[in-house]
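*Asks:* Dumping the structure here so I can ask a few things about it.
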Amino acid sequence: MAHQFYFNSYILDNLPAPAAGFDVVQDISEPRLRMYITSRGAKTFFVRKRVRGKDKRIIIGNYPDVDIEDARAMVVTILDNVNKKPPIRRKKISFKQFLDLYLANRVRRGEDSYMKLVRAINLHLVGLFDKKIAEITPDDVRGVIGNIRGNAIAARMQELLHSIFNYAIEMGYTKSNPVSCLDKIVQNRRVRPLNRAGLLRLVHAIGRESDIVLRSAFLMLIYGFASRSKVFAMAWEDLDFNHDMWNGWPLSNRAVLLLQDLPQDGQWVFASRGGMHLIDPRTAWKRVVTNAGIPNLTMDDVHKFLMRRVVWASDKEDFRDNLNSLLDEILDEPVQG
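Using our numbering, read the sequence shown as starting at 4 and increasing by one per residue.
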């Protein structure tokens with residue numbers, strides 16, 4: 004049974020990812036609205052409906068590209084339309100023409116994410132543009148996917164094509180999905196190299212970094228329980244030391260002590276050259292992780308490692324206590340080689 008609570012941005016933004024597989028949560032406000040959370044942190048709205056004797060799960064879209072209120076509003080329309088038979092379309096349509104319909108009607112993304120998708124389509128799927136969608140064969144799809152370098156991108160394009168053809172069947176433009184008979188592309192998933200002993204070595208290696216801004220920023224990746232983009236763009240105006248909060252997010256005790264020791268003489272907590280905040284100090288990070296004996300570690304690995312272990316609580320003070328407990332449990336242990 005799915006875990007039930009009222010969907011809001013604070014809770015959904017901070018839901019921990021499962022160690023493996025996926026979890027399902029359910030909205031109390033609209034009980035027919037549910038969400039998958041995968042082990043990679045992807046969050047996807049969906050609804051369930053029994054159609055002609057079969058349980059069908061209909062994807063609404065990924066959060067936060069699809070707003071919570073929009074997802075709730077779409078539930079009724081989706082459930083009303085799911086039992087309708089696809090209209091008969093006798094007029095042939097090209098893949099490019101149907102792709103424009105798909106992007107307009109099925110893709111709900113922010114502007115940057117949408118443009119990134121369009122660029123990928125124009126780069127990798129152009130070989131199908133002029134073909135009639137009803138006449139595209141598995142060999143046509145196999146040829147296009149086979150020309151894509153990199154299994155990860157090829158797999159995403161194959162999944163996208165599968166979705167496009169399913170929508171074409173639903174709309175009556177074609178009778179079959181040529182992607183369904185293709186083998187799934189095997190991806191060599193990257194193994195995140197961090198463990199508790201490694202995190203201890205990382206903290207000690209960061210402590211030996213001579214630049215105070217870089218040293219503090221790298222420590223905040225651990226103490227702040229936030230992604231690198233959020234940590235590096237931290238502004239003093241967003242911090243509330245009276246309540247130990249940062250933009251509504253509880254700060255651990257270690258984070259508070261670290262931040263209070265920094266000079267508050269500008270807009271950004273971790274300022275860089277030209278009046279900007281830190282963006283991507285990859286050279287310094289490479290030096291630190293090499294000294295820690297984890298040369299392949301990324302900043303994202305640190306965030307994922309911690310968020311998979313923290314115990315979630317809806318009460319902010321309880322959640323802050325959980326952050327502190329996790330850091331104390333890991334960092335109070337002796338460093339191991």
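C-beta atoms are modelled at their ideal positions from N, C-alpha and C, and glycine is treated no differently.
Judging by CA-CA distance, which residue of H127, A274 and F8 is the nearest neighbour of W239?
*Replies:* Walking along the sequence shown from the start, residue 239 turns up at place 236. If we check each option's Cα against that of W239, A274 comes out closest.
*Asks:* Mind checking E212: buried by the 16 CB within 10 Å criterion, or exposed?
*Replies:* The residue you call residue 212 lines up with position 209 of the sequence shown. E212 should be labelled buried.
*Asks:* Which residues in the same chain as R312 place their Cβ atom closer than 7 angstroms to its Cβ, once the five residues preceding and following it in sequence are excluded?
*Replies:* Taking the sequence shown and counting its residues from 1, one reaches residue 312 at position 309. So the list reads L329, once near-sequence residues are dropped.
*Asks:* Going straight from the alpha carbon of V182 to that of M310, what length do you get?
*Replies:* Start at 1 with the first residue of the sequence shown, and residue 182 comes out as number 179. Start at 1 with the first residue of the sequence shown, and residue 310 comes out as number 307. C-alpha separation (whole angstroms): 36 angstroms.
*Asks:* Restricting to runs no shorter than 4 residues, where is the alpha helix (DSSP H) found entirely within the region 184-228?
*Replies:* 199-210 and 215-226
*Asks:* With a threshold of 16 other CB atoms inside 10 Å of the CB of D227, please say whether the residue is buried or exposed.
*Replies:* As a working mapping, residue 227 is identified with position 224 in the sequence shown. Residue identity check: residue 227 is Gly in the sequence provided, not Asp. Result: buried.
*Asks:* For the region 99-116 and the region 34-47, state whether three or more C-beta atom pairs, one from each stretch, are separated by less than 8 angstroms.
*Replies:* no
*Asks:* Could you give the distance in angstroms between the alpha-carbon of N125 and the alpha-carbon of S166?
*Replies:* Within the sequence shown, numbered from 1, the residue matching residue 125 stands at position 122. Within the sequence shown, numbered from 1, the residue matching residue 166 stands at position 163. C-alpha separation (whole angstroms): 17 angstroms.
*Asks:* Which one of N17, D16, G130 and M38 has the shortest CA to CA distance from D26?
*Replies:* Residue 26 sits at position 23 when you count from the first residue of the sequence shown. Taking only the C-alpha atoms, the option nearest D26 is M38.
*Asks:* Only counting the same chain, and skipping five residues up and downstream in sequence, which positions put a Cβ closer than 7 angstroms to that of D324?
*Replies:* For the purposes of this step, residue 324 is taken as residue 321 along the sequence shown, with counting starting at 1. Once the five neighbours on either side are set aside, D324 has no close Cβ partner at all.
*Asks:* In the structure shown, what three-state DSSP assignment does P337 receive?
*Replies:* Against the sequence shown, residue 337 aligns to sequence position 334. For P337, the predicted model reports a pLDDT of 39, less than 50, meaning its position is unreliable and no value from the coordinates is stated.
*Asks:* Using three-state DSSP, classify R258 as helix, strand or coil.
*Replies:* Numbered from its first residue, the sequence shown carries residue 258 at position 255. Correcting the residue type first, residue 258 is Ala in the shown sequence and not Arg. DSSP places A258 in helix when its eight states are reduced to three.
*Asks:* Just to confirm, is the Cβ distance from K135 to F168 under 9 angstroms?
*Replies:* Taking the first residue of the sequence shown as position 1, residue 135 is located at position 132. Taking the first residue of the sequence shown as position 1, residue 168 is located at position 165. No, Cβ-Cβ distance for K135 and F168 is not below 9 angstroms.
*Asks:* Does the Cβ of L326 have 16 or more other Cβ atoms within 10 Å, making it buried, or fewer, making it exposed?
*Replies:* Translated into positions along the sequence shown, residue 326 becomes position 323. L326 is buried by the Cβ-count criterion.
*Asks:* What does the Cβ neighbour count give for D16, buried or exposed, with the cut at 16 atoms within 10 Å?
*Replies:* As a first step, residue 16 must be located in the sequence shown, where it is residue number 13. By the 10 Å Cβ count, D16 comes out exposed.
*Asks:* I'd like the list of long-range same chain contacts for V189, defined as Cβ closer than 8 angstroms, with 5 residues on each side in sequence excluded.
*Replies:* For this step, residue 189 is matched to residue 186 along the sequence shown. Same-chain partners within the cutoff: N154.
*Asks:* Measure the alpha-carbon distance for Y13 versus D318 and round it to whole angstroms.
*Replies:* If you number the sequence shown from 1, residue 13 lands on position 10. If you number the sequence shown from 1, residue 318 lands on position 315. The straight-line gap separating the alpha-carbon atoms of Y13 and D318 is approximately 11 angstroms.
*Asks:* If we count the other Cβ atoms within 10 Å of its Cβ and call it buried at 16 or more, is W315 buried or exposed?
*Replies:* One-based indexing of the sequence shown puts residue 315 at position 312. Exposed: under 16 other Cβ atoms inside 10 Å.
*Asks:* Mind listing, in chain order, the continuous alpha helix (DSSP H) runs of no fewer than 4 residues lying wholly within the region 94-177?
*Replies:* 98-109, 114-127, 141-149 and 154-174
*Asks:* Residues bridged to H6 by DSSP?
*Replies:* Taking the first residue of the sequence shown as position 1, residue 6 is located at position 3. According to the DSSP secondary-structure assignment, H6 is paired through a beta bridge with V28.
*Asks:* Once the 5 residues before and after N250 are set aside, which same chain residues still bring their CB inside 6 angstroms of it?
*Replies:* Your numbering for residue 250 matches position 247 in the sequence shown. Result list for N250: D241, in chain order.
*Asks:* Just reading off the beta strand (DSSP E) that I40 is part of, what are its end residues?
*Replies:* In the sequence shown, residue 40 corresponds to position 37, counting from 1. Counting along the chain, I40 sits inside the beta strand (DSSP E) bounded by residues R37 to T41.
*Asks:* Using beta-carbon positions only, say whether G130 and N108 come within less than 9 angstroms of one another.
*Replies:* Residue 130 sits at position 127 when you count from the first residue of the sequence shown. Residue 108 sits at position 105 when you count from the first residue of the sequence shown. Pairing G130 with N108 gives a Cβ-Cβ distance that is not under 9 angstroms.
*Asks:* Considering only residues of the same chain and omitting the five flanking positions on each side of P34, which have a CB-CB separation below 8 angstroms?
*Replies:* Working through the sequence shown from its first residue, we reach residue 34 at position 31. Within its own chain, the residues whose Cβ lies closer than 8 angstroms to the Cβ of P34, once the five positions on either side in sequence are excluded, are Q7, listed in chain order.
*Asks:* Just mark G210 as buried or exposed, buried being the case when its beta carbon has 16 or more other beta carbons within 10 Å.
*Replies:* Here residue 210 corresponds to residue number 207 of the sequence shown, with the count starting at 1. That one is exposed.
*Asks:* Given a threshold of 16 other Cβ atoms within 10 Å of its Cβ, counted over all protein chains shown, does Y9 qualify as buried or as exposed?
*Replies:* By 1-based counting over the sequence shown, the position of residue 9 is 6. Flag for Y9 reads exposed.
*Asks:* Would you give the residue range spanned by the alpha helix (DSSP H) that N84 belongs to?
*Replies:* For the purposes of this step, residue 84 is identified with residue 81 of the sequence shown, where counting begins at 1. I71 to N84 is the extent of the alpha helix (DSSP H) around N84.
*Asks:* Check whether chain C comes within 9 angstroms of D143, counting only Cβ atoms and requiring the distance to be less than that.
*Replies:* Of the chains in the structure shown, none is chain C; there is only one protein chain.
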